[in-house]
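Heads up, the thing below is written out as structure tokens.
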Amino acid sequence: MNHGTFQKHYHLMLLPGIILLIVFSFIPMAGIAVAFQDFKIGLGFSRSPWIGLENFKYLFDMRDSRSIFFNTVNIAFWKIVANLLIPLVFAVLLNEVRYVLFKRWVQSIVYLPHFLSWVILSGIIIDLLSLGGVVNKTLQQLGMDPVMFLGSNAYFPFIVISSDVWKEFGFNTIIFLAALTGISSPLYEAADIDGASWLQKVRHVTLPGITPTIVLLATLSIGNILNAGFDQIFNMYNPLVYESGDIIDTYVYRVGIVQAQFGLATAVGLMKSVIAMVLIVISYQLAGRFANYRIF
Amino acid sequence: MNIRKIVGVVLIASVVFAGCSSNKSNNSTTADGEPSPGQQSTESVQVDRFRMPEPVEINVIKSVYPGMTFKEGDTIEKNEYTRYVFDKTNIQTKVLWYASNTDYDQKMQLSIASNDIPDMMVVNYKTFRAMAAADQLEDLTKVYEQYVSPEIRKFYESTDNKVLEMSTYGGKLLALPSVGIQADAPSMLWIRQDWLNKLGLQPPKNIEELKTVLRAFIDKDPDGNGKPDTVGLTGNSTTLSAEVNGLHDFKGIFNAFNSYPLYWVQDESGNTVYGSTTPGTKQALGTLREMYAEGLIDKEFALRKNPDELIAAGKSGTMFGPWWTPWVLTGSVKNDKNADWQAYMIADEKGKINISSLPAAQSYVVVKKGYKHPEAAVVYANMYDEVSHTPDEAGKKLIVGDALWPLQLITDYPEAATNKHLLLLDALAGKIEPDKLDGEMKLVYEQALRDKENPRANPDDWAAPQAYLVGAGVLKQEMNKIEPVYFGTTPTMERRWANLLKLENETFFKIVMGSLDVDAFDKFVEDWKAEGGNTILNEIGEELKK
Amino acid sequence: MVRNKTWTSRTWIIALYVLMALIAIASLAPILHAIAVSFSDKAVAAAGKVTLWPVGFNTLAYETIMYDRNFLGSFIVSVNRVLLGGVINFLLTVLMAYPLSRQASEFRCRNMYMWFLIAMMLFSAGVIPLYILIKFLGLFDSLWALVLPTAVPVFNVILLINFFRSIPKELPEAGYMDGAGPWYMLVKIYIPLSAPALATVTLFSIVTHWNTFFDGLIFMRNMENYPLQTYIQQFVVETSTQNVSSSEQIELLKRLSNQTLNAAKMVIAMVPIFLVYPFLQRFFIHGIMLGSVKE
Chain X
1 MNHGTFQKHY HLMLLPGIIL LIVFSFIPMA GIAVAFQDFK IGLGFSRSPW
51 IGLENFKYLF DMRDSRSIFF NTVNIAFWKI VANLLIPLVF AVLLNEVRYV
101 LFKRWVQSIV YLPHFLSWVI LSGIIIDLLS LGGVVNKTLQ QLGMDPVMFL
151 GSNAYFPFIV ISSDVWKEFG FNTIIFLAAL TGISSPLYEA ADIDGASWLQ
201 KVRHVTLPGI TPTIVLLATL SIGNILNAGF DQIFNMYNPL VYESGDIIDT
251 YVYRVGIVQA QFGLATAVGL MKSVIAMVLI VISYQLAGRF ANYRIF
Chain R
1 MNIRKIVGVV LIASVVFAGC SSNKSNNSTT ADGEPSPGQQ STESVQVDRF
51 RMPEPVEINV IKSVYPGMTF KEGDTIEKNE YTRYVFDKTN IQTKVLWYAS
101 NTDYDQKMQL SIASNDIPDM MVVNYKTFRA MAAADQLEDL TKVYEQYVSP
151 EIRKFYESTD NKVLEMSTYG GKLLALPSVG IQADAPSMLW IRQDWLNKLG
201 LQPPKNIEEL KTVLRAFIDK DPDGNGKPDT VGLTGNSTTL SAEVNGLHDF
251 KGIFNAFNSY PLYWVQDESG NTVYGSTTPG TKQALGTLRE MYAEGLIDKE
301 FALRKNPDEL IAAGKSGTMF GPWWTPWVLT GSVKNDKNAD WQAYMIADEK
351 GKINISSLPA AQSYVVVKKG YKHPEAAVVY ANMYDEVSHT PDEAGKKLIV
401 GDALWPLQLI TDYPEAATNK HLLLLDALAG KIEPDKLDGE MKLVYEQALR
451 DKENPRANPD DWAAPQAYLV GAGVLKQEMN KIEPVYFGTT PTMERRWANL
501 LKLENETFFK IVMGSLDVDA FDKFVEDWKA EGGNTILNEI GEELKK
Chain C
1 MVRNKTWTSR TWIIALYVLM ALIAIASLAP ILHAIAVSFS DKAVAAAGKV
51 TLWPVGFNTL AYETIMYDRN FLGSFIVSVN RVLLGGVINF LLTVLMAYPL
101 SRQASEFRCR NMYMWFLIAM MLFSAGVIPL YILIKFLGLF DSLWALVLPT
151 AVPVFNVILL INFFRSIPKE LPEAGYMDGA GPWYMLVKIY IPLSAPALAT
201 VTLFSIVTHW NTFFDGLIFM RNMENYPLQT YIQQFVVETS TQNVSSSEQI
251 ELLKRLSNQT LNAAKMVIAM VPIFLVYPFL QRFFIHGIML GSVKE
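Chains as they are written, first to last, in full-length UniProt numbering: chain X, 1 to 296; chain R, 1 to 546; chain C, 1 to 295.
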């Protein structure tokens, strides 16, 4: 077939979207310049003084820079892993449910916590984990001492990660389920005829069928390696767990209370974007080179 | 082709940004066009202080309360308030945008950052200084002298003209300040009088008595449900001592040790010090630590996002808060009709009640540079001051402080809340006609009457009178008032403050909760000084010398 | 779907259903809690005494939110936004995903476009430049300010590219043989074969348009043009740290720490899901590729 004649149609299809992106995303990016300014409200873009990399230096100068970066990456990394694996396992299991109505209900229900704000959810979590809460009552029944979980640097990151999974796993589940419906039934029929066990079918039919989706979501979420979830941590942390829970975003927020820090905030955004872009390009190249696989 | 596209886009982008910055140059040219006030000597020209000779238009931005409704046919631009303003002063209002007060600050910051500002607006100290430094504000020095009414002058003078000093930048008066109402500064102990009565206790006057009361509140089952389920004093997860208007903090205890965390104050020898680093603060932390260890403070205070729950559920009968705390206590009153909340100040060991005062000015009416009629701001202020204190018949129907006024500024004595307290007492005692009250106080008066008839039946009728009668009443007594020396932000603070505050909060919380020794405080003071504190103190010293 | 009896021991199935049910309950509990709080008495909720069932049942929170005509107005703005924004998102997602799902050998500029999209997704200069742009374009108070900046949901485009590429090659090839052009291929083959994926991205874009509040706040100067979530957001008041001296602020104080309002807001945020999801779910079941052949 001759794809050559299709080219202009392809350009034409892309045209409206590209124009909108240029106007509403690309042009405003001139504002990234703020990252290199000591931006003062009032002075605006044109008159704020240029300070080079000062805003970036600030990030590495702050008290406990090291622990803040560690906390950010630590929490974000485990969130990424858990938010891929758990929805994947859940979607594969749910796919085995034959009773359609039940399946639909479960699928809808697990998506709902996504709509709860952290303001409400953090209240529930604080209640559950409080000294008089369900978890501590259970511990006491088992003869253990009650623990002030949210005041403990040992437990705090774990609580943050697991409650995030609780809230968000329905989202990726939907994507995986949509991908699962795309696997054609003849493949399963063939496997049945070969007498494959359930696990064998998962391994040889289901997983290969949704590998592109898994790889895609994994790659895209690598971009979040510096996003540990501001709203959540802001609503759950306290000075006792700064050590294990203070992340870049909460720190920058507190800087901003003193003085609106558009420059610093833009610098942080830029740093995150650059790192995300680099990681995504690397994974794209690696997948291409070693597995001859194109992620997108 | 794509390179060209990108170049084109960059060109467009530069036009966009040039377009937004060119506004400024337009403005500065119009500024030159105004008649120079220097030509008219202030004394010789008689001006009408309450009315513009010709109709003028100002555009403003407005903060309203959520879900505000208008009378039939009225809008945010055309209503009884804007009509009144126009009738009195010839000033016509246009509203550039409006938002509820929850969103207003954010939206305003964005507006200013994008240089999209109205002719006049009300801003806080930080924004005022930023705009002044950026030369965005019109000089009001001359029009102030020429137009200001004797009444406003009198109120400003009652602060030793400190409010005018705070509104001056580079030798020019760049704003009309609102007088800071000092009532918001003191932190008082709100306590369940019904619990005290039940246990036969006297209201606590100092820390030792407070401890005794707290012990009894925890051990002696004040709520009478037979369960040891009451906790002591409430705290919150953000700060141990809020700068202003703190709820559920320990500011009252710090003050009782002559300690003023977060404030820049003078020590005995007259040097400027940071309040969180003084010996008094160490003592206060030590006491809080003991109280916490003894269980007199809510065990989980550092984790609570919402300590109100303890109050509303009747689990705690003590909290620190400002005079208006009753609005926070409505849940408690609703759930338990017996909940009788009273307020007391906690004194230091010598029996003195220490408080720190607030900045003399609390907000600033500013005029955009280049606006043709800066005197309209003063004319408006004169009118607003008049309607606040000596309203005419039409003015009496309006409520001072209503969100619909185009601009709001408080011109009053710093003790206004206490004055309102006295006014309300007089009205309730029949000493003055209720009709003499302005709209706001009349509302409170009617609520007070209803609440008297049927005590605590409707928490919303209870809250306002309780705040004015009890909360503001407490402030009448003799108090040792500490004047902080500095309220601004120095350059080093902009860069280092978040660092230092983190150090402070982390250390203080850990000391109180027992995971650090009290002596960790000394290490904190050292670190604080080394990590920028000393530089900041020097900078403040420089500024104070000016 | 085909049943497979070889692995199905009864205990397995029961364990599976129980596990799924438990997970569903764990997800449902906070929702029920939020609904219960939203219908409870304000003071009881403030005391933390509401668990999964309303205490002191009342609809005051909803009445507060729906009190005036602004609620209805905002509701209409939101519906319009979802319709207009959803249609624009859908069209652009499909139009962009199809050419980008081609191999670079078929479409020469493909990779350049692709990286441009990814860069647009990852980078942003924040809100100030966008504010200036919208002002420059004169779009304040216009519905377009809410739908144009988000017209291309890049994440959705990438998802759809992925799905388009998983369609077995034989189908389009047959189409090419018959001389079909790209527009015909897209409309007649790719779109019908991608129902589950299209349902997914449509759901995401509807949910996003319904729940985003911040752009409404900054681009709408007149509160009558607020979308619903922006309108509701203003009712969620946090303890004010400013001086309290005007009756306007006192009006605010009455609403302090009002968890019932907060919860009601959440429930309203979920409404479109209850309405739209069951409808979209049909495509998850019927989206199986009919008659497609194994590679």
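Quick reminder that beta carbons are idealized off the backbone N, C-alpha and C, glycines included.
query: Is M29(X) near the ligand ATP, going by C-beta to nearest heavy atom under 7 Å?; result: Absence of the ligand ATP is noted for the structure shown, with no ligands found whatsoever.
query: Tell me the rounded alpha-carbon separation between Q136(R) and T75(R).; result: 30 Å
query: Taking the straight line between their C-alpha atoms, what separation do you get for G170(X) and K201(X)?; result: 24 Å
query: Closer than 7 Å by beta-carbon distance: list the chain X residues that pair up with R108(C), in chain order.; result: Q7
query: Evaluate Y184(C) with the Cβ neighbour count: other Cβ atoms within 10 Å of its Cβ, from every protein chain shown; 16 or more gives buried, anything less gives exposed.; result: exposed
query: How would you write the range of the beta strand (DSSP E) that Y98(R) sits in, first residue to last?; result: 91 to 100
query: Please name the residue, chosen from T238(R), R129(R), D160(R), that lies closest to A167(R) on a Cα-to-Cα basis.; result: Correcting the residue type first, residue 167(R) is Ser in the shown sequence and not Ala. Looking at the Cα atoms, R129(R) is the closest of the given residues.
query: Q408(R) CB to nearest chain X CB: under 8 Å?; result: no
query: Using DSSP's beta-bridge definition, name the partner residues of A361(R).; result: V179(R)
query: Examine chain C for any beta-carbon lying closer than 8 Å to the beta-carbon of T181(X), and answer yes or no.; result: yes
query: Cβ of I193(X) less than 8 Å from any chain C Cβ?; result: no
query: For Y62(C), return the contacting residues in chain X, with the cut-off set at a CB-CB distance below 7 Å.; result: Those within 7 Å of Y62(C) in chain X number zero; the least Cβ separation is about 16 Å.
query: DSSP state of A343(R), grouped into three classes?; result: strand
query: Residues of chain C with a CB under 7 Å from the CB of G223(X): which are they?; result: L122
query: Comparing C-alpha positions only, which one of I540(R), D402(R), K372(R) sits nearest to Y384(R)?; result: D402(R)
query: Are the C-beta atoms of A134(R) and some chain C residue less than 8 Å apart?; result: no
query: Is it the case that the Cβ atoms of L544(R) and Y486(R) are separated by a distance below 8 Å?; result: yes
query: Can you tell me whether T173(X) is helix, strand or coil according to DSSP?; result: helix
query: Using 8 Å as the threshold, is the C-beta distance between N79(R) and F70(R) below it?; result: yes
query: Output, in sequence order along the chain, the residues in the stretch 128 to 152 of chain C whose CB is closer than 7 Å to any CB in chain R.; result: I128, Y131, I132, L133, K135, F136
query: At the level of alpha carbons, what is the spacing between R102(C) and L180(X)?; result: 22 Å
query: Tell me the DSSP bridge mates of residue 554(R)?; result: Any answer about residue 554(R) is impossible in this case: the structure gives chain R only from 1 up to 546.
query: Y277(C) to P192(C), Cα distance in whole Å?; result: 19 Å
query: For D229(R) and A76(X), what's the separation of their Cα atoms in angstroms?; result: 39 Å
query: Under 8 Å Cβ-Cβ, which residues of chain X neighbour Q109(R)?; result: I41, A260
query: One question on the structure: do Y67(C) and A264(C) come within less than 8 Å of each other, judged by their Cβ atoms?; result: no
query: Are the Cβ atoms of W327(R) and A183(R) separated by less than 8 Å?; result: no
query: Would S46(X) be called buried (16 or more neighbouring beta carbons within 10 Å of its own) or exposed?; result: exposed
query: Using a C-beta cutoff of 8 Å, does Q281(C) count as contacting chain X?; result: yes
query: Could you tell me which chain C residues have their CB closer than 7 Å to the CB of I124(X), listed as they occur along the chain?; result: P30, H33
query: Is the stretch 150 to 159 of chain C touching the stretch 78 to 94 of chain C in the sense that three or more CB pairs, one from each, lie closer than 8 Å?; result: yes
query: What does the Cβ neighbour count give for I25(C), buried or exposed, with the cut at 16 atoms within 10 Å?; result: exposed
query: Between the stretch 341 to 352 of chain R and chain X, which residues of the former have a C-beta closer than 8 Å to a C-beta of the latter?; result: none
query: Which residue marks the beginning of the beta strand (DSSP E) containing W264(R), and which one marks its end?; result: 264 to 266
query: When you compare only the Cα positions, how much space is there between S74(C) and P272(C)?; result: 15 Å
query: Return helix, strand or coil for Q37(X), following the three-state DSSP convention.; result: strand
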